[in-house]
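One structure is given here, and the rest of the page talks about it.
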Amino acid sequence: MLGFVVRRLVASAIVLVVSSVLIYFTVTSFGDPLADLRARNPPVSQEVIDARRAELGLDEPVHERYLTWLGDVVTGDFGEDLDGQPVNEVLWRRLGRTLRMVTAAIALSLVAAVAVGVLSATRQYSKTDYFFTFSGFLFLSMPVFWLGALLKEFLAVRFNDLVGRRIVFTTGSESPRLDTDVWGRMADYAGHLILPTLALGAVSYAAWSRYQRNSMLDVMESDYIKLARAKGASRSRVVFRHGLRNALIPLTTVVAIDFGAVFGGAIITEQVFGWSAMGSLLIDGLREYDVNIVLAWMMVTGAIAIAFNLVADLLYGVLDPRIRQ
Amino acid sequence: MTTHPRWLRVLALLLGLSLVAAACGDDDDGGDAAEDDASSQDGGTVVFASDQEPDGWNINTSASSSLALGQIVELVYPAAFRITPDFEVVMDEDLLTSAEMVSEDPQVIEYVIDPDASWSDGTPISADDFEFLWTMSNGSNPDVDTASTVGYELIESVEGSDDGKTVTVAFSSPYAEWRSLFADLLPAHLISELGDGDPVVGWNEGLADPPEFSGGPFRLVDHQPEQSVTLVPNEEFWGEQPSTDELVVRFDVDNAGIPAALENDEIDMAYPQPQLDLVEQVEEIEGVESVINFGLEFEHLDFNLANSHLAKPEVREAIGFALDREAIVDRTVGQFSDEASVLNNRIFLTNQPNHEAHGDDYQSRDVDGAEQRLDEAGYDCSAEVCTHPEDGELSLRLSTTAGNQLREDTQLIIQEQLAEAGIEVTIDNLEGNAVFSKFFPDSGLRADQDYDMALFAWTGEPFPSATGELYISPGPDMIGLNSTGYSNPEMEALYDQAFAETDSEVAAELYNQIDEMLWEDLPTIPLYQKPTFLPHRSSIEGVQDNATTAGPLWNAEEWTLAS
Amino acid sequence: MNEPETRPSDVAAEELEDRRPSDPGVQPGPTEEGLAVATRSQRRMIVRRFLQHRLAVISLVILVLLIVGSLVGGRLWRYGYAEQLPEFNQSPSWGHPMGIDAIGRDLLAKVLRGAQRSVQVALLVALLSTTIGTIVGAVAGYYRGVLDAVLMRVTDLFLVVPQLAVFLLLARIVGGGWFQLSLIIAAFFWMPIARIVRAEFLSLRETEYVDAARALGAGDLRIILRHLIPNAIGSIIVNASIVVAVAILAETSLSYLGLGIAAPDTSLGLLVSEGQSAFETRPYLFYFPGLLIVLIALTVNFVGDGLRDAFDPKQSRARR
């Protein structure tokens, strides 16, 4: 077990280093990090541009710059962005916001997926089942930002009008200038989370509820469930006590694997709802060819994805008794 | 089996994680918020959505200087002169009681500071602060990051008298636009403190975060990176106190999100780049008014005179004739304002007092005239694309910033219009700002430019001397900011004359002559001024757009909130 | 959809039936011929099973109409998408059902062009990624050993990278032509197909008829093309259909973030993101391209579902 984890971690570290090399050289050879400065209006003088070149070390060879970067990253320092601000600071701040959205979306879609999956499986081929199947496919077929715009219109503005209070917010991760107690702050966070969570969670909900329905059906047909029923256990007891428990095992690993995908999907959701989080960090970083920003994003996200993949593998081993040996 | 099912624990763990994440995001220090609670009451808040967050807070450095920053700090930093919505430059009567030229040759200006004027820490605003701004901005110390040395480098001395309340500024050579100087004054003593005693360090790095001091009606509090910064009244301000309790500037609302955020009461004002649907949508929101204006930015078409076709004056004139600038305006900025018009002056924009319309030859489209000019230059226009015996087909690249819809639309219209005159235009855009490296390559050398025709904007200036850099040649091989490579000694002599002319009316006449000369040689063609759009809640009284560099917050201290 | 629940025993029977045709006799002559006949009857059975899936059939009809319409529609409509008309900024009318945009382009022409581009991207991505995935999976599954290990590690690597981020990076560098965009997307969509094909090949290569074919002197390429791929074709087609749906959405996302198809060309994704601000003033600009995307992706998903049932009834019980 330990050997497995260590081997996986070593392999992952190699993958991260290799991809950092690829990204570093692509971004630096294609991008002009000074474009932004040049496009300033009113314009800046040539001396300023030259000074910035020197400051960013653009006159040094690329491989030396990369090695400097790598040396810093090993000590946990992602360097400075093009404006000279430390990347770490902005990275952690934004990661916090993104994780808030991602975990909320995962929690919500997981609860909904399990509930709907069980319901559909126990009422297979009923109207309810068809309804959820169809709506699942619908969510899978919808551009996230299109859904987001619909939500803004119908679930925010009109909903708030209806209840006469501003409960749902359309933009940003929190209100500026909050001076309330913890509960007020929580309510404000929740108000800002509603729409992005729904938009981001819709796709994973759709995929997971299908998955949960299928594994539930598999389990319900297994012999031991039939045995439990035969022994006189009540239907609900069988469904929840025996069926659900075992049907959740495969879903857990799927969720862990999908964590990275949800994290990536947040790029768009954040953009739709004006969150200044990891998504805009990456997009702005790419736009300005800010190699330190792009790399910090890729490394952190890659590490998270790898970690959750590892967790998925471990969970699978731990949860499924058949694989335990 | 008495413990919770495993799946329940997994769920609980996930929910717990999201709360931890919520707590992580909540990293504001709360100290600032508590500090000004005393002054804030309900209903006194105005939330403004800005599209750009400042990189730093010393507007006088090139690292931080930006329009967006200037529009915030003008409420915090004192300035000798301010620009009104009519593009007039007027003395700031809070800071100064008088500012006069006491001698013309040598030029000497005497400023008298209001006796009550003081920084929020109680230190009087004095000649020391004027002197500090001058020493930092005159370019004498290469370690100082300076946004612009224009004007300051011509100052010989800055001296204080009368307890520092009178400032005498002597110039080594005449500088007509002395009113542009000493905007955004900083407290000399506090900047040195921020640099641990070293004023240069304090200047370059001390204002990475918003300053606590203020010399204006508002002070900055509670900066939440990427989210917002808040302005609250500066209780120590000697002039009239603002009546709003706080002005929140948000950085996390993008253009597409503005209508919903306005409708949902999340913001009260915004200043987005207008676009037809945005304007119409905002106009339908109840309780929100909006103003469309024409600002200082103007779009223009530049010709690279190194191109063998464009080097011929006849070709440039033919392009001028073939363009229907009226139609371009109608189909772009004309959509949301009837007042949009073709710009016929590169130096004074339509809303500036000295504006005169020039370029009479190019007011209406004349495709025949264009073909005639091409004929004179030796082009054969019998085929779809005109051909020159030596220089080949008249096919030109037109470059602009990809992703900017207004420019891309303009470009497509130009392409269509020129095609009718036998001039082929191919599109050669680059994403975002990268396209500027085609016009202004790193080397700064003409030989490295990579464009035929360029479409971009300059920001006009209330002070016309700044246009000099755009049209005066910095040397035969150099670009500087003169992207076309245009050089005309006669015009350059006029610029020199205008720089030194202290009579502003005479100077304006000289600048207008310069523009006429530019129409004659046609290295660039101005197209139109970019509109500004200021939607705001009707309950905020006193909002007035200031389409100059000052922006929409310029008179925030005068706003009142109707209940 | 109204079929009774299939029981495991039925599944086993059907599975046997499925495999039977590919189970060759010992004689070389009759084998080849028998195989052809068997394949034909198997094909007929798949079609029959697909036709029973009503939703999938309806979806297929709609999908074909949509694809044909979007590929030729632009040519039939009287205005070109880039043509600048003398009128501009007009609301919908009989001559211009969706109105005219600010610089004088007919908006219906633009939507048709957008649909064409989106469909082109989706189809090209499906074609390319299926080809790459099948080749990688086939080689890995057939030859096994070191080659397999290397190819599968590469596949894992591609699976781990944050897709959208890499798309953004590459699109930023390569630029937003529809062809480049398809290449970028295809470069990251082949992995699931590679894995599935590999798994199928690993089990199929052990079957007797492959041994028989080899004994008869058939080369690797012939075995892969004649015997293995036809048997894995079901999974390949089903996954290709999923790729079509996902590729349409991927193009949409890239265009929304400003790194996809660039003006003056257009795509459904670009049109929706432009239409976002017209949500209230000209709602059809937002809804129409958006619904088109949903309709294409939805019908593709249903067709894929139907295909899965038809090819692999073992899974149908749970999937439908």
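Chains as they are written, first to last, in numbering that gives the first Met the number 0: chain P, 0 to 324; chain Y, 0 to 562; chain H, 0 to 319.
For glycine and all other residues, C-beta sits at the position ideal for the given N, C-alpha and C.
- Taking C-alpha positions only, V196 of chain H is separated from A148 of chain H by approximately 15 Å.
- No Cβ of chain H is located within less than 8 Å of the beta carbon of T27 of chain P.
- Contacts between N308 of chain P and chain H, judged by CB atoms closer than 8 Å, involve V159 in chain order.
- By the criterion of a C-beta distance shorter than 7 Å, R184 of chain P is surrounded in its chain by L177, once the five residues flanking it on both sides are discounted.
- Between the alpha carbons of P488 of chain Y and Q362 of chain Y lies a distance of about 27 Å.
- Judged by DSSP secondary structure, F168 of chain P falls outside any alpha helix (DSSP H); it is assigned neither H nor E.
- DSSP places G78 of chain P outside both helix and strand once states are collapsed to three, so it counts as coil.
- Any Cβ of chain Y closer than 8 Å to the Cβ of L197 of chain P would place that residue at the interface, and such an atom is absent.
- Rounded to whole angstroms, K225 of chain P and W207 of chain P show a C-alpha spacing of 25 Å.
- Fully enclosed beta strand (DSSP E) runs of no fewer than 3 residues occupy 452–458 of the stretch 452–480 of chain Y, in order along the chain.
- Spanning the alpha carbons of Y270 of chain Y and S537 of chain Y requires a straight line of approximately 15 Å.
- Within its own chain, the residues whose Cβ lies closer than 8 Å to the Cβ of A101 of chain H, once the five positions on either side in sequence are excluded, are F87, N88, listed in chain order.
- Against Q274 of chain Y, the close residues of chain H are S276, in the order they occur along the chain (beta-carbon pairs closer than 7 Å).
- If you look at G95 of chain P, you'll find it in the alpha helix (DSSP H) that goes 86–121.
- Closer than 8 Å to the CB of F301 of chain H there is at least one CB belonging to chain P.
- Taking 8 Å as the threshold, the shortest C-beta distance from F133 of chain P to chain Y does not fall below it.
- Rounded to whole angstroms, D120 of chain Y and E225 of chain Y show a C-alpha spacing of 28 Å.
- The three-state reading of DSSP puts M490 of chain Y in helix, counting H, G and I together.
- Annotation for D408 of chain Y: T331 place their beta carbon closer than 6 Å to its own, counting only its chain and skipping 5 residues before and after.
- Boundaries for R178 of chain Y: no alpha helix (DSSP H) harbours it, and the DSSP string shows neither H nor E there.
- Residue contact check for V124 of chain H against chain P: no CB pair falls below 8 Å.
- Here the stretch 231–251 of chain Y makes no contact with the stretch 253–273 of chain H; the two share fewer than three CB pairs at distances below 8 Å.
- Apart from the 5 residues on each side of it in sequence, A108 of chain H sits with its Cβ closer than 8 Å to the Cβ of G73, W76, Y78, G79, Y80, E82 in its chain, given in chain order.
- A321 of chain Y sits away from I426 of chain Y, with the two beta carbons spaced by 8 Å or more.
- Closer than 8 Å to the CB of F310 of chain H there is not a single CB belonging to chain P.
- When P:T196, P:M277, P:V143, P:R99 are compared, the shortest CA-CA separation from S252 of chain H is found for P:V143.
- Put simply, of P:D58, P:A246, P:S203 the residue whose alpha carbon is nearest the alpha carbon of S442 of chain Y is P:D58.
- Beta-bridge pairing by DSSP links A169 of chain Y to Y:V107, Y:S156.
- It is roughly 57 Å from the alpha-carbon of V310 of chain P to the alpha-carbon of D451 of chain Y.
- Taking a contact as a CB-CB distance under 8 Å, the pair N300 of chain H and L139 of chain P counts as one, their CB atoms being some 6 Å apart.
- For Y288 of chain P, the three-state secondary structure derived from DSSP is coil.
- Secondary structure at F49 of chain H: helix, using DSSP grouped into helix, strand and coil.
- Between R171 of chain H and chain P, the shortest Cβ-Cβ separation is below 8 Å.
- Residues of chain Y with a Cβ closer than 7 Å to the Cβ of V156 of chain P are, in chain order, A259, E262, N263.
- Taking 8 Å as the CB threshold, E199 of chain H stays off the interface with chain Y.
- Nearest to Q162 of chain H by C-alpha distance, out of H:R43, H:I260, H:L248, is H:L248.
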